[in-house]
Amino acid sequence: MTEQDDVVDRAYDAALLRRLLVYLRPYRKLTALAVLLLLAGAGLALVGPALTQRALDVAIPNRDLGLLGTLAVIYLAALVLDFLVEYGQTFLTAYVGQRVMYDLRMQIFEHLQRLSISYFDRNPVGRLMTRVTSDVETLNELFSSGVVTVFGDVFTLLAIMTMMLLVDWRLALVTFSVIPLVWLTATLFRRHVRQAFRDIRLRLARLNSYLQERLSGMRVVQLFGREQDSAAKFAQLNREHLQAHLRSITIYAVFFPVVEVLTAIAMALLLYYGGFRTLSGTLTVGVLAAFIQLTRRFFQPLQDLSEKFNLLQSAMASSERVFALLDEPVAVAEPTHPSQLPRPVRGEVRFEGVWFRYSADGPWVLRDVSFTASPGQTVALVGHTGAGKTTIVNLLLRFYDPDRGRILIDGVDIRQLSTADLRSLIGFVQQDLFLFVGDILHNLTLDAPIPAEMAREAARRVGADRFIDRLPAGYGHRLGERGRSLSVGERQLLSFARALALDPTILVLDEATSSVDAQAEGLIQHAIAELMAGRTSIVVAHRLSTILHADEILVLQHGEIRERGSHRELLAKQGLYYRLYQLQLRGQEVRKIA
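Counting in the numbering used here, the sequence shown runs from 26 upward without gaps.
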């Protein structure tokens, strides 16, 4: 498994954080309101110490019960107001966090849908799911509990420091004397905790990737009796994930007690120096009591800010992965000004000198491939595995772009067409059958604006209605994952019906009968004939019996077209096609081709 999620540790937290803050722009008014509430909360944090000083230095020595009662009422009102302010701030930050999470997940999903197929070949599904779920959830916690509240803690800290300096700057300096130690502790903590959270995310991605793969391939695992080995591998990945979490817990278990000790040291220094001055008569009891409250509240935001490192460092580790995904270039780019095909669309497909390889330094998979599939014509592609047949289909569908040459439909380069317009012209029945969770009708239309009657008519024309009508709920019968409750032949007929329901101009069959037995193949020949009628068809086949009636057969070897012609013409040459034919159909009687 390639670990493309490994990210080199670099000091660009500020750049990442600025990029994250961009997602707050649509909600800047709500964010500003939340910040104002936090400012109000910072101001309310000063009310208690000020009232305490007033009560101890004025009301109690003068036995002024009226003033003492007034101070108590003001303090109670401040507590109620603080409750309302904190409620509003918590609600707003949580709401903004949820909205940002929604926007970010939508952006990631839309970007994933634009990425080329090669990206999904390189990256396991489980890892990508971690990006969309766990990593985005971590960023949600940052927005809902971190970014805005950090402003509140900073404002509270500045307000308390200002009040301390105004009340008694000497006591303030005593309290501030431990700040360098707090800063040093936080710096050491920051260096270690970020790597810890990066490890947690990486281990989680590996765990999800392995779990997704093994659950998808459970039949194979059980068939070959690999349950114990799979469990052992999962236990190893799970153990690595646990150890990564334990490392982060160890870091926090050291950090927070150190901060508590430093707080206690500051309080002890304050009591010693303040008590000495109180005894000498240069400081009042009220000022000392107020400073004790201010000191406790001074270290509370510091502890909160330190705790926010949990969110911040986790968010940095997650944001590196999320932005790495979002920064993944779209290999197959949409044209800036898409062209339109002349109407009506004829469906002529032409390859002109096409060269292609899957990586810049890899071998050529296609070499100077040129052919034309005229409207209504059937062109078949045959050859040994790896000859380049499926690659031709992938290029026509623009899953990839050729390195040299071009592909045209009705004389227009497909790179000048929008991918939506291009693929709307093509009905594709692939070798790897894929059905979605949902009912039969959903799998026929994929929620496209296709009338239900048209979908049912397509199923009838390919013969799929015969087994659909036998299902308990007919077209409303719900399929499980990948439609595994159906036989291979039934799934194949559904894929034919799905292609026909779109009424494509061009039909592509990629080894559509390679997974069915001979009897099932015979049953779907009618469906294939119905699909091809009046359409430009490109058929990739291993079984030569399925393409005997093709108008032209292209024989590929090592990415090159070595032979071309009709079935009879190629047999007469006694070349590559003849040898393939002899291997597959020797001893069988083949009806004469009219």
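Every residue, glycine too, gets a C-beta built ideally from N, C-alpha and C.
All of these numbers come straight from a predicted model, not from anything done at the bench.
Its Cα nearest to that of Leu-45, the residue Leu-337 stands out among Thr-403, Leu-337, Ser-234, Leu-518. Excluding the 5 residues flanking it on each side, Pro-326 has same chain C-beta neighbours closer than 6 Å at Asp-178, Thr-181, Leu-182, in chain order.
Taking the CA atoms as reference points, Tyr-52 sits about 11 Å from Gln-123. In the three-state DSSP reduction, Gly-401 falls in the coil class, being neither helix nor strand.
Straight through space, the alpha carbons of Val-462 and Arg-503 are spaced by roughly 7 Å. The way I'd put it, the segment 183 to 193 doesn't touch the segment 367 to 383; fewer than three beta-carbon pairs between them come closer than 8 Å.
Between the segment 422 to 432 and the segment 465 to 484, the count of C-beta pairs closer than 8 Å stays below three; the two stretches do not touch. The three-state secondary structure of Gly-436, taken from DSSP, is coil. Membership of Leu-581 in any alpha helix (DSSP H) is not indicated; the residue belongs instead to the beta strand (DSSP E) covering 577 to 582.
CA-to-CA, the gap between Trp-380 and Arg-481 works out to about 41 Å. The beta carbons of Asp-464 and Arg-371 sit no closer together than 8 Å. In the same chain as Asp-329, and ignoring 5 residues on each side of it, the C-beta atoms closer than 6 Å to its own belong to Asp-178, in chain order.
With a 10 Å radius around the Cβ and a threshold of 16 neighbouring Cβ atoms, Gly-94 comes out exposed.
By the beta-carbon neighbour count (other beta carbons within 10 angstroms, threshold 16), Ser-273 is buried. For Arg-587, the enclosing beta strand (DSSP E) starts and ends at 585 to 590. Here Ile-586 is buried: its Cβ has 16 or more other Cβ atoms, across all protein chains shown, within 10 Å. Taking 8 Å as the cut-off, the Cβ atoms of Lys-414 and Leu-581 count as close. Residue environment for Gln-78: buried (at least 16 other C-beta atoms within 10 angstroms of its C-beta). Taking Ser-510 as the centre and dropping the five residues before and after it, the same chain places the C-beta of Leu-504 closer than 8 Å to its C-beta, in chain order.
8 Å or more divides the Cβ of Met-557 from the Cβ of Thr-397. Using a Cβ distance threshold of 8 Å, Val-110 and Leu-69 count as a contacting pair. Here Arg-516 carries a helix assignment [DSSP, helix/strand/coil].
When C-alpha distances from Glu-135 are compared across Val-437, Glu-353, Arg-228, Leu-420, the shortest belongs to Glu-353. The beta carbon of Asn-419 lies closer than 8 Å to those of Ile-142, Tyr-425 in the same chain, with the five residues before and after it left out. DSSP, read as helix, strand or coil, puts Ser-141 in coil.
In the assembly as shown, Leu-209 is an exposed residue. Its beta-carbon has fewer than 16 other beta-carbons within 10 Å. Using a 10 angstroms sphere on the CB of Leu-104, the tally of other CB atoms stays under 16, which defines it as exposed. In the three-state scheme derived from DSSP, where H, G and I count as helix and E and B as strand, Asp-446 is classed as helix.
Thr-561 sits in a strand when the DSSP states are folded into three classes. Distance from the Cα of His-266 is smallest, within the candidate group Ala-314, Leu-227, Asp-490, for Leu-227. By the criterion of a C-beta distance shorter than 8 Å, Gln-318 is surrounded in its chain by Gly-73, Pro-74, Thr-77, once the five residues flanking it on both sides are discounted. Non-local beta-carbon contacts of Val-347 in its own chain, meaning distances under 8 Å to residues more than five positions away in sequence, involve Leu-129, Ile-133, Arg-156, Asp-160, Val-161, Leu-164 in chain order.
Residue pairing by DSSP puts Val-454 in a beta bridge opposite Leu-534. Counting of Cβ neighbours within 10 angstroms places His-592 among the buried residues, the total reaching 16 or more.
For Met-243, the number of other beta carbons within 10 angstroms of its own is below 16, and it is reported as exposed. Here Asp-494 is exposed: its Cβ has fewer than 16 other Cβ atoms, across all protein chains shown, within 10 Å.
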